[in-house]
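Following this note's numbering, the numbering of the sequence shown begins with 1 at its first residue and continues without gaps.
From the three backbone atoms N, C-alpha and C, an ideal C-beta is built for every residue, glycine too.
Read the structure below first, then the notes.
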Amino acid sequence: MILIVCILGIGVGLLTGGRFQSILHKRFRMKPVLVLSLVCELFLASPAIDDWLRQLNYHPTIRVSAVIVQYGLIILFLAVNRMKPGFLLVMAGSLMNALVMIANGGQMPIGRVILTFGEQAAAKIDLSPHYFLASGTEPLLFLGDIIPCWIYMISVGDIVISLGLFIFGIYLPKKITRQRTLPDHR
1 MILIVCILGI GVGLLTGGRF QSILHKRFRM KPVLVLSLVC ELFLASPAID DWLRQLNYHP
61 TIRVSAVIVQ YGLIILFLAV NRMKPGFLLV MAGSLMNALV MIANGGQMPI GRVILTFGEQ
121 AAAKIDLSPH YFLASGTEPL LFLGDIIPCW IYMISVGDIV ISLGLFIFGI YLPKKITRQR
181 TLPDHR
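As C-alpha coordinates, then:
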(Lines of atoms letter the chains of each structure in order from A and count residues from 1; the text may use other names and numbers.)
(Lines give C-alpha, C1' and ligand atoms only; values in the text may rest on other atoms or scores of the structure.)
Protein backbone atom coordinates (compact mmCIF):
# COMPACT_ATOMS: atom_id res chain seq x y z
CA MET A 1 0.00 0.00 0.00
CA ILE A 2 2.77 2.45 0.90
CA LEU A 3 4.47 2.10 -2.50
CA ILE A 4 1.13 2.47 -4.30
CA VAL A 5 0.39 5.71 -2.43
CA CYS A 6 3.79 7.14 -3.37
CA ILE A 7 3.19 6.22 -7.03
CA LEU A 8 -0.24 7.87 -6.87
CA GLY A 9 1.43 11.00 -5.48
CA ILE A 10 3.89 10.99 -8.39
CA GLY A 11 0.91 10.64 -10.75
CA VAL A 12 -0.77 13.66 -9.16
CA GLY A 13 2.51 15.57 -9.40
CA LEU A 14 2.81 14.72 -13.10
CA LEU A 15 -0.84 15.60 -13.78
CA THR A 16 -0.40 18.99 -12.12
CA GLY A 17 2.48 20.11 -14.32
CA GLY A 18 5.40 18.09 -13.03
CA ARG A 19 7.92 16.41 -15.29
CA PHE A 20 9.29 12.90 -15.08
CA GLN A 21 12.78 14.31 -15.76
CA SER A 22 12.59 16.31 -12.51
CA ILE A 23 12.42 13.10 -10.47
CA LEU A 24 15.93 12.20 -11.58
CA HIS A 25 17.35 15.54 -10.44
CA LYS A 26 16.25 15.39 -6.80
CA ARG A 27 19.10 15.36 -4.31
CA PHE A 28 19.21 13.48 -1.03
CA ARG A 29 21.77 13.42 1.73
CA MET A 30 23.13 10.16 3.13
CA LYS A 31 21.59 7.81 0.53
CA PRO A 32 23.77 4.87 1.68
CA VAL A 33 22.04 5.04 5.09
CA LEU A 34 18.71 4.30 3.39
CA VAL A 35 20.26 1.33 1.57
CA LEU A 36 21.62 -0.03 4.88
CA SER A 37 18.14 0.23 6.42
CA LEU A 38 16.76 -1.84 3.53
CA VAL A 39 19.44 -4.47 4.20
CA CYS A 40 18.21 -4.59 7.82
CA GLU A 41 14.64 -5.03 6.53
CA LEU A 42 15.72 -7.99 4.38
CA PHE A 43 17.54 -9.43 7.39
CA LEU A 44 14.40 -9.14 9.55
CA ALA A 45 12.06 -10.50 6.87
CA SER A 46 14.12 -13.55 5.93
CA PRO A 47 12.68 -16.82 7.29
CA ALA A 48 16.05 -18.53 6.80
CA ILE A 49 17.88 -15.94 8.89
CA ASP A 50 15.09 -16.04 11.48
CA ASP A 51 15.44 -19.84 11.76
CA TRP A 52 19.20 -19.46 12.23
CA LEU A 53 18.70 -16.74 14.86
CA ARG A 54 16.20 -18.91 16.77
CA GLN A 55 19.00 -21.39 17.39
CA LEU A 56 20.89 -18.71 19.28
CA ASN A 57 20.07 -17.92 22.88
CA TYR A 58 19.83 -14.20 22.12
CA HIS A 59 17.25 -14.33 19.31
CA PRO A 60 14.90 -11.64 20.75
CA THR A 61 17.82 -9.37 21.63
CA ILE A 62 19.28 -9.66 18.13
CA ARG A 63 15.86 -9.05 16.54
CA VAL A 64 15.19 -5.96 18.67
CA SER A 65 18.72 -4.69 17.99
CA ALA A 66 18.18 -5.13 14.23
CA VAL A 67 14.87 -3.22 14.44
CA ILE A 68 16.58 -0.41 16.36
CA VAL A 69 19.36 -0.24 13.76
CA GLN A 70 16.89 -0.41 10.85
CA TYR A 71 14.59 2.31 12.12
CA GLY A 72 17.48 4.35 13.47
CA LEU A 73 18.96 4.43 9.96
CA ILE A 74 15.58 5.30 8.39
CA ILE A 75 14.96 8.09 10.89
CA LEU A 76 18.52 9.41 10.42
CA PHE A 77 18.02 9.53 6.63
CA LEU A 78 14.65 11.24 7.01
CA ALA A 79 16.00 13.70 9.59
CA VAL A 80 18.88 14.90 7.42
CA ASN A 81 16.45 15.23 4.49
CA ARG A 82 13.60 16.65 6.58
CA MET A 83 13.13 19.66 4.30
CA LYS A 84 11.72 17.35 1.60
CA PRO A 85 7.93 17.64 1.58
CA GLY A 86 6.29 14.80 3.51
CA PHE A 87 9.46 13.49 5.17
CA LEU A 88 8.52 14.68 8.66
CA LEU A 89 5.30 12.66 8.38
CA VAL A 90 7.24 9.63 7.13
CA MET A 91 9.60 10.07 10.08
CA ALA A 92 6.70 10.26 12.57
CA GLY A 93 5.05 7.14 11.11
CA SER A 94 8.35 5.28 11.11
CA LEU A 95 8.87 6.17 14.75
CA MET A 96 5.39 4.82 15.59
CA ASN A 97 6.15 1.53 13.81
CA ALA A 98 9.57 1.30 15.47
CA LEU A 99 8.13 1.82 18.95
CA VAL A 100 5.54 -0.93 18.65
CA MET A 101 8.05 -3.37 17.16
CA ILE A 102 10.68 -2.66 19.81
CA ALA A 103 8.05 -3.07 22.55
CA ASN A 104 7.09 -6.46 21.07
CA GLY A 105 10.46 -8.15 20.71
CA GLY A 106 11.24 -6.81 17.23
CA GLN A 107 7.98 -7.96 15.67
CA MET A 108 4.86 -6.13 14.52
CA PRO A 109 1.65 -7.38 16.17
CA ILE A 110 -1.24 -7.99 13.80
CA GLY A 111 -4.79 -7.58 15.07
CA ARG A 112 -7.01 -10.63 15.29
CA VAL A 113 -9.40 -9.06 12.81
CA ILE A 114 -7.10 -10.52 10.14
CA LEU A 115 -8.73 -13.88 10.88
CA THR A 116 -11.85 -12.59 9.09
CA PHE A 117 -9.77 -12.62 5.88
CA GLY A 118 -9.59 -16.41 6.10
CA GLU A 119 -7.15 -19.11 7.11
CA GLN A 120 -4.72 -18.19 4.33
CA ALA A 121 -4.21 -14.73 5.80
CA ALA A 122 -3.44 -16.16 9.23
CA ALA A 123 -1.08 -18.75 7.71
CA LYS A 124 0.90 -15.97 5.99
CA ILE A 125 1.64 -14.42 9.39
CA ASP A 126 3.55 -17.53 10.41
CA LEU A 127 5.64 -17.24 7.23
CA SER A 128 6.66 -13.66 8.01
CA PRO A 129 9.18 -13.57 10.87
CA HIS A 130 8.68 -9.89 11.61
CA TYR A 131 4.92 -10.26 12.28
CA PHE A 132 2.86 -12.17 14.83
CA LEU A 133 -0.83 -12.59 15.59
CA ALA A 134 -1.68 -10.42 18.59
CA SER A 135 -3.59 -11.84 21.53
CA GLY A 136 -4.86 -8.40 22.53
CA THR A 137 -2.58 -7.73 25.50
CA GLU A 138 0.60 -6.68 23.65
CA PRO A 139 2.29 -3.41 24.61
CA LEU A 140 1.44 -0.51 22.30
CA LEU A 141 -0.97 -2.71 20.33
CA PHE A 142 -2.87 0.42 19.26
CA LEU A 143 0.20 1.19 17.08
CA GLY A 144 0.26 -2.32 15.57
CA ASP A 145 -1.24 -3.55 12.32
CA ILE A 146 -4.82 -3.53 13.60
CA ILE A 147 -6.62 -1.64 10.81
CA PRO A 148 -8.08 -3.77 7.99
CA CYS A 149 -7.23 -2.32 4.57
CA TRP A 150 -8.28 -4.20 1.45
CA ILE A 151 -6.71 -7.65 1.89
CA TYR A 152 -4.21 -6.91 4.64
CA MET A 153 -3.70 -5.01 7.87
CA ILE A 154 -2.06 -1.64 8.40
CA SER A 155 -1.02 0.47 11.37
CA VAL A 156 -1.52 4.11 12.29
CA GLY A 157 2.18 4.53 11.49
CA ASP A 158 1.59 3.09 8.00
CA ILE A 159 -1.18 5.64 7.42
CA VAL A 160 1.07 8.52 8.51
CA ILE A 161 3.93 7.16 6.35
CA SER A 162 1.56 6.82 3.39
CA LEU A 163 0.35 10.40 3.75
CA GLY A 164 3.94 11.63 3.91
CA LEU A 165 4.96 9.57 0.87
CA PHE A 166 1.92 10.81 -1.07
CA ILE A 167 3.01 14.39 -0.39
CA PHE A 168 6.59 13.45 -1.29
CA GLY A 169 5.35 11.77 -4.47
CA ILE A 170 3.59 14.97 -5.54
CA TYR A 171 6.83 16.89 -4.92
CA LEU A 172 9.12 14.52 -6.87
CA PRO A 173 8.12 15.54 -10.43
CA LYS A 174 7.99 19.25 -9.60
CA LYS A 175 10.78 21.40 -11.00
CA ILE A 176 13.02 22.95 -8.39
CA THR A 177 14.93 26.11 -9.00
CA ARG A 178 17.94 26.27 -6.76
CA GLN A 179 19.28 29.66 -5.87
CA ARG A 180 22.89 30.11 -6.74
CA THR A 181 25.02 32.02 -4.35
CA LEU A 182 27.46 34.24 -6.15
CA PRO A 183 30.82 34.98 -4.60
CA ASP A 184 30.98 38.29 -2.81
CA HIS A 185 33.56 40.47 -4.59
CA ARG A 186 33.84 43.40 -2.26
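Taking 7 Å as the line, does the beta carbon of Ala122 fall inside it for any heavy atom of the ligand FAD? Within the structure as shown, the ligand FAD is missing, as the structure has no ligands at all.
Got a sec? Which residues, its chain only, sit under 7 Å from Gly18 by beta carbon, not counting five neighbours each side? On the sequence shown, residue 18 is found 18 positions in, with the first residue counted as 1. Cβ neighbours of Gly18 beyond the five flanking positions: Pro173 and Lys174.
How about the region 61-77 and the region 142-150: do they share at least three Cβ pairs that are nearer than 8 Å? no
Contact belief for Gln21 with Cys40 at Cβ below 8 Å, rounded distance in angstroms: Locating residue 21 in the sequence shown gives position 21, where the first residue counts as 1. Locating residue 40 in the sequence shown gives position 40, where the first residue counts as 1. The pair is not a contact, with the Cβ atoms about 32 Å apart (cut-off 8 Å).
Can at least three beta-carbon pairs, one atom from the region 122-137 and one from the region 82-91, be found at a separation below 8 Å? They do not touch, by the three-pair rule.
Straight-line CA distance for Ala121 to Tyr152? Position 121 of the sequence shown, counting from 1, holds the residue named residue 121. Position 152 of the sequence shown, counting from 1, holds the residue named residue 152. Approximately 8 Å, taken between the alpha carbons.
Using the DSSP secondary-structure output, state which residues sit across from Ile49 in a beta bridge. Position 49 of the sequence shown, counted from the first residue, corresponds to residue 49. None, per the DSSP bridge assignment.
Just checking my contact of Ala66 with Leu44 at CB under 8 Å: how many whole Å lie between their CB atoms? For the purposes of this step, residue 66 is identified with residue 66 of the sequence shown, where counting begins at 1. For the purposes of this step, residue 44 is identified with residue 44 of the sequence shown, where counting begins at 1. About 6 Å; that satisfies the 8 Å criterion.
Which term fits Ala98, buried or exposed, when burial requires 16 or more other beta carbons within 10 angstroms of its beta carbon? Counting from 1 along the sequence shown, the entry for residue 98 is found at position 98. Its Cβ being crowded by 16 or more others within 10 Å, Ala98 is buried.
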